[in-house]
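The listed protein sequences derive, respectively, from chains A and B.
Under my numbering, the first residue of the first sequence is numbered 1, with each subsequent residue one higher.
Under my numbering, the first residue of the second sequence is numbered 1001, with each subsequent residue one higher.
Protein chains: 2
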Amino acid sequence: MKRVSIKDIARIAGVSVATVSYVLNKKEGNRISEATKEKILEVAETINYTPNKMAKSLKTSKSRLIGLILADISNDFYSTIARNIENEAMKLGYTLLIGSSDENPEKFKKLIELFSEQQVDGMIVAPVVHSETILEKLIKEEYPVVTIDRYLNNLDIPGIMINNREISEQICEFLVSKNFEEIIYIGYDTELPHLLDREKGFDKCMTSSGIPCEKILVGLENITLEVQNGIEKVIKTRSRKRALYFSSNKLAVAGLGYLIKHSINVPNDISVIAFDETEAYTLFQTEITYVKQPLEEMAAEAVKILDNQINNYIPSGKKVIFPAKLIEKKSVQ
Amino acid sequence: MKRVSIKDIARIAGVSVATVSYVLNKKEGNRISEATKEKILEVAETINYTPNKMAKSLKTSKSRLIGLILADISNDFYSTIARNIENEAMKLGYTLLIGSSDENPEKFKKLIELFSEQQVDGMIVAPVVHSETILEKLIKEEYPVVTIDRYLNNLDIPGIMINNREISEQICEFLVSKNFEEIIYIGYDTELPHLLDREKGFDKCMTSSGIPCEKILVGLENITLEVQNGIEKVIKTRSRKRALYFSSNKLAVAGLGYLIKHSINVPNDISVIAFDETEAYTLFQTEITYVKQPLEEMAAEAVKILDNQINNYIPSGKKVIFPAKLIEKKSVQ
DNA sequence: CTGAAAGCGCTTACAG
DNA sequence: CTGAAAGCGCTTACAG
Chain A
1 MKRVSIKDIA RIAGVSVATV SYVLNKKEGN RISEATKEKI LEVAETINYT
51 PNKMAKSLKT SKSRLIGLIL ADISNDFYST IARNIENEAM KLGYTLLIGS
101 SDENPEKFKK LIELFSEQQV DGMIVAPVVH SETILEKLIK EEYPVVTIDR
151 YLNNLDIPGI MINNREISEQ ICEFLVSKNF EEIIYIGYDT ELPHLLDREK
201 GFDKCMTSSG IPCEKILVGL ENITLEVQNG IEKVIKTRSR KRALYFSSNK
251 LAVAGLGYLI KHSINVPNDI SVIAFDETEA YTLFQTEITY VKQPLEEMAA
301 EAVKILDNQI NNYIPSGKKV IFPAKLIEKK SVQ
Chain B
1001 MKRVSIKDIA RIAGVSVATV SYVLNKKEGN RISEATKEKI LEVAETINYT
1051 PNKMAKSLKT SKSRLIGLIL ADISNDFYST IARNIENEAM KLGYTLLIGS
1101 SDENPEKFKK LIELFSEQQV DGMIVAPVVH SETILEKLIK EEYPVVTIDR
1151 YLNNLDIPGI MINNREISEQ ICEFLVSKNF EEIIYIGYDT ELPHLLDREK
1201 GFDKCMTSSG IPCEKILVGL ENITLEVQNG IEKVIKTRSR KRALYFSSNK
1251 LAVAGLGYLI KHSINVPNDI SVIAFDETEA YTLFQTEITY VKQPLEEMAA
1301 EAVKILDNQI NNYIPSGKKV IFPAKLIEKK SVQ
């Protein structure tokens, strides 16, 4: 795999590497004669020249690389974010490095280090718990970083998120208005602030409404079993008009899987509302009422802010908050 | 974002950059005294040194970067592949660049060029139609490339795939053994060889069995509508014992969505068998009988072969063919 | 045990 | 209109 370089072009065309560099980068501005210009382009073409962006990056300190760290690229929700970010990044001429953290702070840190050694111009990350230290180190170095989906307390990094607490309250108010006798929140047992916000929204509304409620909180992994056991236990008590509120797509899929398996009809036997979209909902017997995050707009904004930071770094902890939307279908009655 | 370099360490520690490089890379082999070694490590730590992999790559011509090109990273099937490749690549110390081709040869070419300019050590790609030229160019340059999931005719690149034709025949034989009066294949109208293989398997078995069959072939995009119209048309004719054979997860999701919407019961009204796994199946009323590809093993093998090619390039068109497995559930009766 | 020097493939002020 | 030269941050044979 012998690479051809600007030097080869220069030699063959009988000019200096400087001249070659100027015409290849279209920075001649009338400096170079048409003749040499054509010659150089022709040689580049025939010897099949591919520019070495590493060398360029080394010289210019700009890599046109962006690092993206999400919890798990094989999760619907994150792969949709990744895809939208890919599209936006490509538009601006960036190439994407991707890594999955698996909610593991060690892995998260490892990825940050890997990407920063790789000289990415900036990163878009969904931070995990206990990743404050590594992120603080990054901002101390004025490394452009933007968070997406999640945020961490006391961390001044620009971020893109939704109005978690408010939309959660809205969901609950919506459920309250339907006169349920019991509302069950299925969430994560976690310290991630954006998830706690969803829980807080639930708590607040439930307290003020006085409707009996229950919470099933599961670990971030192996959720299927925990969710199903949780639902089973709660449902065993005497029959009531109940609603299940799933605070993520994965939780919803786990829960709906249980309902299907046990022939529990939605919404006749129980109502369901869920966070996030997923293709899986389309195969469920009942169209699911869910909370839609504007992922495309969020991705676009994340890339835009990151690009701005890359071009002109300004310390900032500004959060851009997108309103999520409750999409009413047929799973709540 | 001022970067600290090996030079800074050398200056502060009062040694040469060569010495610093040796201890940082653990290539001292007794050359360096414990004292200077410690000193260097200490300085590196305190001034927060991050190695510049680009500079290293430039010098060594090894980037430890792998480019991954799939059709669409937001598609379940591909994001699972991506995740598995990520895991394997990380184990071997590679970092992943990712891009989606959207089945578009121009985009595919663009990504290949981008990645090769970025000096990736190798690429794992799911080639699209009409991507022969760009891939041939790559192999002429002895650039390590491995295909996954798909392959192209007359293209000598190592590849990982499943036994598409054989498993498709098996599926059909399985259906034939169930005495269906009509079997309907839902596939893509495409030239992609691995998909044609699935169709050929179907054709062969159907011809020999003599059972009436039908094919619904849809374009690679906007499949939902086409699949649903196709099924609707076929189903209108007088009632028979029918089976639907979906040749991809996306087609299956589109088709099952139609069945759900029209309250067509599986397997009582119609049987269903599908290629690939997807989370969505778990929310369908009936457990879907499907073809499982060993994606984890395939990803591991792809990375392994690529790594071998990177370490010691050998022109090869060898295909590693993994057997797919028919997982019998309850959607065929 | 350690350092000076060349060089990877580029860009870009500077000089002519 | 064009080129010589320095330098980005590294590695590595070579010399001592």
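Quick reminder that beta carbons are idealized off the backbone N, C-alpha and C, glycines included.
Exercise for the section: Decide if A:GLU142 is buried, meaning its Cβ has at least 16 other Cβ atoms within 10 Å, or exposed. Expected result: Position 142 of the first sequence, counted from the first residue, corresponds to residue 142 of chain A. By the neighbour-count rule (16 or more Cβ atoms within 10 Å), A:GLU142 is not buried but exposed.
Handout entry: Euclidean distance between Cα positions of A:LYS39 and B:GLU1136
Key = Counted from its first residue, the first sequence places residue 39 of chain A at position 39. Counted from its first residue, the second sequence places residue 1136 of chain B at position 136. So the two alpha carbons sit approximately 26 Å from each other.
Exercise for the section: Establish whether the CB of A:LEU70 and some CB of chain B are separated by less than 8 Å. Expected result: Counting from one through the first sequence, the residue named residue 70 of chain A turns up at place 70. Judged by the 8 Å Cβ criterion, A:LEU70 is not in contact with chain B.
Handout entry: Close-in-space but distant-in-sequence residues of the same chain around B:PRO1212 (CB under 6 Å, 5 per side omitted)
Key = Indexing the second sequence from 1 puts residue 1212 of chain B at position 212. Closer than 6 Å at Cβ, skipping near neighbours: GLU1182.
Handout entry: C-beta neighbour in chain A for B:LEU1196, strict 8 Å
Key = One-based indexing of the second sequence puts residue 1196 of chain B at position 196. By this cut-off, B:LEU1196 is not an interface position.
Problem - Cut-off 8 Å between Cβ atoms - residues of its own chain near B:THR1036, not counting five sequence neighbours on either side - result: Residue 1036 of chain B sits at position 36 when you count from the first residue of the second sequence. Cβ within range, chain order: ALA1013, VAL1015, THR1019, VAL1023.
Problem - B:ILE1162 to B:LYS1200 span [Cα, whole Å] - result: In the second sequence, the residue the question calls residue 1162 of chain B occupies position 162. In the second sequence, the residue the question calls residue 1200 of chain B occupies position 200. Approximately 15 Å between the Cα atoms of the pair.
Problem - Cβ-based contacts, 9 Å cut-off: residues of the region 152-181 of chain A near chain B - result: none
Practice task
Using alpha carbons as the reference points, say which of B:PRO1127, B:MET1054, B:ILE1260, B:LYS1056 lies closest to B:GLU1191.
Solution key: For the purposes of this step, residue 1191 of chain B is taken as residue 191 along the second sequence, with counting starting at 1. Taking only the C-alpha atoms, the option nearest B:GLU1191 is B:PRO1127.
Exercise for the section: Using a threshold of 8 Å, state whether the C-beta atoms of B:PRO1144 and B:GLY1159 are closer than that. Expected result: In the second sequence, counting from the first residue as 1, residue 1144 of chain B sits at position 144. In the second sequence, counting from the first residue as 1, residue 1159 of chain B sits at position 159. No, the Cβ-Cβ distance between B:PRO1144 and B:GLY1159 is not below 8 Å.
Practice task
Can you give me the Cβ contacts of A:GLY99 inside the same chain, cut-off strictly under 6 Å, excluding the 5 residues immediately before and after it?
Solution key: Counted from its first residue, the first sequence places residue 99 of chain A at position 99. Same-chain partners within the cutoff: ILE69, LEU111.
Handout entry: Sheet register partners of B:MET1161 (DSSP bridge)
Key = By one-based count along the second sequence, residue 1161 of chain B stands at place 161. B:MET1161 pairs with B:ILE1321.
Problem - Selection from A:ASN268, A:ASN153, A:GLU296, A:THR60 that minimises the alpha carbon distance to A:PRO323 - result: In the first sequence, residue 323 of chain A corresponds to position 323, counting from 1. Measuring from the Cα of A:PRO323, the nearest candidate turns out to be A:GLU296.
Exercise for the section: Select from A:GLU279, A:ILE273, A:ILE171, A:VAL176 the residue whose C-alpha is nearest the C-alpha of A:ASN75. Expected result: Locating residue 75 of chain A in the first sequence gives position 75, counting from the first residue. Ranking the options by Cα distance to A:ASN75, first place goes to A:GLU279.
Handout entry: Span of the alpha helix (DSSP H) around B:PHE1202
Key = For the purposes of this step, residue 1202 of chain B is taken as residue 202 along the second sequence, with counting starting at 1. 1193-1209 is the extent of the alpha helix (DSSP H) around B:PHE1202.
Problem - Assigned exposure category for A:LYS53 - 16 Cβ within 10 Å defines buried - result: Along the first sequence, read from residue 1 onward, the residue named residue 53 of chain A stands at position 53. Buried: at least 16 other Cβ atoms inside 10 Å.
Practice task
Could you pull the start and end residues of the beta strand (DSSP E) that B:VAL1291 belongs to?
Solution key: Indexing the second sequence from 1 puts residue 1291 of chain B at position 291. Note, B:VAL1291: beta strand (DSSP E), 1289-1292.
Exercise for the section: Could you tell me if the beta carbon of B:SER1247 falls within a distance shorter than 7 Å of some heavy atom in the ligand COA? Expected result: Only the bare structure without any ligand can be found here, which leaves the ligand COA out of the picture.
Handout entry: Top-ranked residue by Cα proximity to A:SER271, from A:LYS292, A:LYS329, A:GLU88
Key = As a first step, residue 271 of chain A is located in the first sequence; it is residue number 271 there, counting from the start. The option with the nearest alpha carbon to A:SER271 is A:LYS329.
Practice task
Taking only beta-carbon positions, decide if B:VAL1303 is within less than 8 Å of chain A.
Solution key: Working through the second sequence from its first residue, we reach residue 1303 of chain B at position 303. Not one chain A Cβ lies under 8 Å of B:VAL1303.
Problem - Rounded straight-line distance, which links the Cα of B:PRO1315 to that of A:THR224 - result: For the purposes of this step, residue 224 of chain A is taken as the residue at position 224 of the first sequence. For the purposes of this step, residue 1315 of chain B is taken as the residue at position 315 of the second sequence. In a straight line, the C-alpha of A:THR224 is about 46 Å away from that of B:PRO1315.
Exercise for the section: Please name the residue, chosen from B:ALA1044, B:LYS1319, B:ILE1184, B:SER1005, that lies closest to B:THR1147 on a Cα-to-Cα basis. Expected result: Looking up residue 1147 of chain B in the second sequence gives position 147. Checked all of B:ALA1044, B:LYS1319, B:ILE1184, B:SER1005; the closest Cα to B:THR1147 is B:LYS1319.
Problem - Option nearest B:ILE1355 by Cα separation, candidates B:SER1116, B:PRO1267, B:VAL1218, B:GLN1333 - result: Since the first residue of chain B shown is 1001 and the last is 1333, residue 1355 of chain B is not available in this structure.
Exercise for the section: My understanding is that A:ILE73 touches A:ALA299, with C-beta atoms under 8 Å, so please give their C-beta distance in whole angstroms. Expected result: Taking the first residue of the first sequence as position 1, residue 73 of chain A is located at position 73. Taking the first residue of the first sequence as position 1, residue 299 of chain A is located at position 299. Not a contact, Cβ separation roughly 14 Å.
Problem - Beta carbon proximity, A:SER116 to chain B, threshold 8 Å - result: For the purposes of this step, residue 116 of chain A is taken as residue 116 along the first sequence, with counting starting at 1. By this cut-off, A:SER116 is an interface position.
Practice task
Give every residue of the same chain whose Cβ lies closer than 7 Å to the Cβ of B:LEU1217, excluding the five residues on either side of it in the sequence, and list them in chain order.
Solution key: Start at 1 with the first residue of the second sequence, and residue 1217 of chain B comes out as number 217. Cβ neighbours of B:LEU1217 beyond the five flanking positions: GLY1187, TYR1188, ASP1189.
Practice task
Would you kindly check if the distance between the Cβ of B:ILE1273 and the Cβ of B:TYR1290 is under 8 Å?
Solution key: By 1-based counting over the second sequence, the position of residue 1290 of chain B is 290. By 1-based counting over the second sequence, the position of residue 1273 of chain B is 273. Going by C-beta atoms, B:TYR1290 is nearer than 8 Å to B:ILE1273.
Handout entry: Members of the region 13-41 of chain A near chain B, C-beta cut-off 7 Å
Key = none
Exercise for the section: Can you tell me which of A:LEU251, A:LEU58, A:ILE184, A:ILE260 puts its alpha carbon nearest to the alpha carbon of B:GLN1285? Expected result: Here residue 1285 of chain B is taken as the residue at index 285 of the second sequence, counted from 1. Among A:LEU251, A:LEU58, A:ILE184, A:ILE260, the Cα nearest to that of B:GLN1285 belongs to A:ILE260.
Handout entry: Closest by C-alpha distance to A:SER63, when choosing among B:LEU1097, B:LEU1096, B:GLN1118
Key = Locating residue 63 of chain A in the first sequence gives position 63, where the first residue counts as 1. Nearest option by C-alpha distance: B:GLN1118.
Handout entry: Check whether A:ASP8 and A:ILE47 have beta carbons under 8 Å apart
Key = Along the first sequence, read from residue 1 onward, the residue named residue 8 of chain A stands at position 8. Along the first sequence, read from residue 1 onward, the residue named residue 47 of chain A stands at position 47. Yes.
Practice task
Give the straight-line distance between the Cα atoms of B:MET1206 and B:CYS1172, rounded to the nearest whole angstrom.
Solution key: Start at 1 with the first residue of the second sequence, and residue 1206 of chain B comes out as number 206. Start at 1 with the first residue of the second sequence, and residue 1172 of chain B comes out as number 172. If I take the Cα positions, the gap works out to 7 Å.
Problem - Exposure of B:GLY1255, with buried meaning 16 or more beta-carbon neighbours within 10 Å - result: As a working mapping, residue 1255 of chain B is identified with position 255 in the second sequence. Its Cβ being crowded by 16 or more others within 10 Å, B:GLY1255 is buried.
Practice task
Measure the alpha-carbon distance for B:LEU1339 versus B:VAL1303 and round it to whole angstroms.
Solution key: Not covered by the structure: residue 1339 of chain B. The range shown for chain B is 1001 to 1333.
Handout entry: Member of B:ASN1164, B:LYS1236, B:ILE1327, B:ASP1149 whose CA lies at the smallest distance from the CA of B:SER1079
Key = Position 79 of the second sequence, counted from the first residue, corresponds to residue 1079 of chain B. Here the closest residue by C-alpha is B:ASP1149.
Handout entry: Residue nearest to A:ARG238 in terms of C-alpha spacing, selected from A:SER248, A:ASN249, A:GLU88, A:ASP269
Key = Here the question's residue 238 of chain A lines up with position 238 in the first sequence. Among A:SER248, A:ASN249, A:GLU88, A:ASP269, the Cα nearest to that of A:ARG238 is on A:ASP269.
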